[in-house]
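Residue numbers for the sequence shown follow the numbering used here, so the first one is 0 and each next one is one higher. Backbone N, C-alpha and C define an ideal beta-carbon position, used for all residues, glycine too. Shown next, in structure tokens, is the structure this report addresses.
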Amino acid sequence: MKHKIQLAFFSFILAFVAQSCSKDSYNDYTEVSFSKVKGLSLYGDSCYLKGDNSIDTDYIINTQEEFDLLFDCPGSFTPSINFETHTLLAGSRYIRCIYPKNAFEKVYLNESKKELIYNALFNYDGGCSTSFGTIYYHVLISKHQSDLYNFKADVEIDYNYN
């Protein structure tokens, strides 16, 4: 019985956190469609961002040259991204438990505020592998939506995994 109450409580907390990250927080924003890029992953097991992995990073990548400066890919592999028509939003988060799952992710645009926001929630449904590490995010959006340069990532990590 105690386990069921704990499970219900954590389910409620997760639902509350997800709701707080939902579109209700972005009433003045329009949701933007996006796609994922084959060869880029949450765990950086293919291409990953170069640099200090112990800090959070967020990037708007508009050209192949910018991609090559920021990403390291194995061998001669390069993801297929048409930078004439698309922009890559990418970044990393330093976390205290590795291997989360992505509960949801959205991209929002506010043309009057000139803001572009990546909003995501990562959680642990099967337990936490206690170890510090880095997760990577990426979304590919249409080029015309990325001409707004005020980009921020609103990434939440829910460590409640009991």
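Query	Result
Beta-carbon gap between D55 and S91 smaller than 8 Å	yes
Beta carbon of L108 nearer than 8 Å to that of F150	no
Which listed residue (P73, E64 and I94) has its alpha carbon closest to that of E83	E64
Sheet register partners of S38 (DSSP bridge)	Note on residue identity: the sequence assigns Gly, not Ser, to residue 38. G38 is not bridged to any residue.
Start-to-end residues for the beta strand (DSSP E) that takes in F121	E114 to N122
Start-end ranges of the beta strand (DSSP E) lying completely within the stretch 70–115, minimum 3 residues	85–97 and 100–109
Range covered by the beta strand (DSSP E) that runs through I59	T56 to I60
Cβ separation of T77 and I60, assumed to be a contact under 8 Å, to the nearest whole Å	About 13 Å separates the two Cβ atoms, so there is no contact after all.
Residue environment, K105, which counts as buried when at least 16 other CB atoms sit within 10 Å	buried
CA nearest to the CA of D67, picked from Y123, I140 and L48	L48
Anticipated Cβ contact below 8 Å, H137 with L69, distance rounded	That pair is no contact at about 11 Å.
Neighbourhood of I156 by C-beta distance below 6 Å, restricted to the same chain and skipping five residues each side	I94 and F121
Helix, strand or coil at S24 [DSSP, three-state]	helix
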